[in-house]
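J.:
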DNA sequence: TGGTTAGATGAAGGAATCTTCAGGTTTGGA
DNA sequence: TCCAAACCTGAAGATTCCTTCATCTAACCA
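Protein chains in written order, with our numbering: chain Y, 3 to 213; chain C, 3 to 213.
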């Protein structure tokens, strides 16, 4: 097993012409394609380059190594989900806790399950590439967004928003992962149950309710 | 990246003398040691054998390949957690839903977090070894155990036990994973919040409550 | 149009591991 | 004590991939 050095993920060269920008996109896209079609084990830099219609050398002009390439793909995917969460949190400012919960579940699942295959494939490379670190960085943003949203709730909560936000994000990402890895479980019913769980949790946190 | 063939995980040879039984244990133990000390990337069969005090050849006498070795280690770990869940489910038969939820959270987290380092290390190898498949097999047992427990609840639930069990197990394993991968989040408070969430969910499922 | 820089190429070097197997050692029973 | 079965050994074969770099082509600008 080759050492996947975890050095800088900075591109070696920044695309300055439109041509190279297209090349970078093609490489990134090809990486996902190969991941889906061939699987992580057969994902070689040569094959990715080939699928992208360029030579390996070109690939290495923009990514210092295989690891960095994979990380970049992962980072982009996670960012999309984080963006969805952020959007929801913006929209729900000042709303009632239950509405927040429901919207959060909807938004998160929609983003995460939009392309289950890709999500699953990316989880599988995560462990080779310090995916945890990336997930944590990106996740921290989402967690904070949720916290801010909760603080703006029309009804105050019995615990600090940070704790509740951590729980919510933990449940979402956890269940999300479970679903992605067991696609047979994905059904409209699951979303409803998750909403039910999140909402009843938030409801139980209303100050007037004794815990 | 070598192809980790996913062939049979049957040992090539069954230990017939006490000597070899000890060897197998040593190899399994060494695998975890190496995983913890060196990390997944540096985990080579030669190194494992060395740490176990035997030669590589011996290792290959009991495990057809590296992949099978890793899978066996993973399977054992997951089984321990499943056992803990089973035990809880037995104990809580006929109890009130909230008691079940609380006990489940406690039991699951205790088992999963007993050795966080090892749990984390094993998650990291999971994706190389079809860990998903193993997790699903072992998880199915737990899920069914929870279902049976819920069916025996002293108060009936508004949804079928299977759905609720799937949700509960999903949340537990999902959050469990999140915690294992972010050890800084592990705190007594998290357990309480998780109990709160699970209990309020189960409470919301009581038939007398409108959903 | 000519020069300079950005971008692309791909054969080949180099580094690692996994896995085998022919042969040596230990164990346990007759 | 002696033998057959069970165990163990570890050098070396066989593969596979990552990454580099000298060289070539395309694009841009004066």
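Don't be surprised by glycine CBs; every beta carbon is placed ideally from N, CA and C.
Can residue 159 of chain C and residue 167 of chain C be called in contact, C-beta distance under 8 Å?
T.: no
J.: Would you call the region 107-126 of chain C and the region 183-196 of chain C touching, i.e. three or more CB-CB distances under 8 Å?
T.: Contact between the region 107-126 of chain C and the region 183-196 of chain C is established, with three or more Cβ pairs separated by less than 8 Å.
J.: Indicate whether residue 89 of chain C and residue 59 of chain C have their beta-carbon atoms separated by less than 8 Å.
T.: Not closer than 8 Å, so no.
J.: Ignore the nearest five residues each way along the sequence and tell me which others in residue 5 of chain Y's own chain have a CB closer than 7 Å to its CB.
T.: With a pLDDT of only 30 at residue 5 of chain Y, under 50, the local geometry of the prediction cannot be trusted, and the value read off the model is given with reservation. Once the five neighbours on either side are set aside, residue 5 of chain Y has no close Cβ partner at all.
J.: Leaving out five residues before and five after residue 83 of chain Y in sequence, what residues of the same chain have Cβ atoms less than 6 Å from its Cβ?
T.: These residues qualify, in order along the chain: 113 and 114.
J.: When you check each C-beta in the region 155-188 of chain C against every C-beta of chain Y, which residues fall closer than 7 Å?
T.: 165, 168, 169, 172, 173, 175, 176, 177, 179, 180, 183, 184 and 187
J.: Helix, strand or coil: which one does DSSP assign to residue 80 of chain C?
T.: helix
J.: Which residues mark the beginning and the end of the alpha helix (DSSP H) in which residue 110 of chain C is found?
T.: 99-115
J.: Counting only beta-carbon separations shorter than 8 Å, does residue 191 of chain Y have a partner in chain C?
T.: The C-beta of residue 191 of chain Y comes closer than 8 Å to at least one C-beta of chain C.
J.: What's the C-alpha gap between residue 7 of chain C and residue 133 of chain C?
T.: Model confidence at residue 7 of chain C stands at a pLDDT of 34, short of 50, so the residue's coordinates are unreliable and nothing is read from them.
J.: Can we say the region 93-103 of chain Y touches the region 191-211 of chain Y, given the rule of at least three CB pairs closer than 8 Å?
T.: yes
J.: Who does residue 37 of chain C pair with in a DSSP beta bridge?
T.: Residue pairing for residue 37 of chain C: DSSP places it in no beta bridge.
J.: Cα separation between residue 53 of chain Y and residue 28 of chain Y?
T.: 9 Å
J.: Looking only at its chain, what residues have a beta carbon closer than 7 Å to the beta carbon of residue 147 of chain C, apart from the 5 residues adjacent to it on each side?
T.: The residues are 87, 88 and 91.
J.: Based on the DSSP secondary-structure assignment, which residues constitute the bridge partners of residue 159 of chain C?
T.: C:208
J.: Among residues of its own chain, excluding the 5 on either side of residue 135 of chain C, which ones have a beta-carbon nearer than 7 Å to its beta-carbon?
T.: none
J.: How would you list, in chain order, the residues of chain Y whose beta-carbon sits under 9 Å from the beta-carbon of residue 62 of chain C?
T.: Neighbours of residue 62 of chain C on chain Y: none; closest Cβ ~17 Å, over 9 Å.
J.: Note down the Cα distance separating residue 175 of chain C from residue 176 of chain Y, rounded to an integer number of angstroms.
T.: 7 Å
J.: Shorter than 8 Å from the beta carbon of residue 197 of chain Y to some beta carbon of chain C?
T.: no
J.: Give every residue of the same chain whose Cβ lies closer than 8 Å to the Cβ of residue 209 of chain C, excluding the five residues on either side of it in the sequence, and list them in chain order.
T.: 157, 158, 159 and 160
J.: Out of Y:170, Y:81 and Y:25, state which residue places its alpha-carbon closest to the alpha-carbon of residue 62 of chain Y.
T.: It is Y:25 whose Cα lies nearest to the Cα of residue 62 of chain Y.
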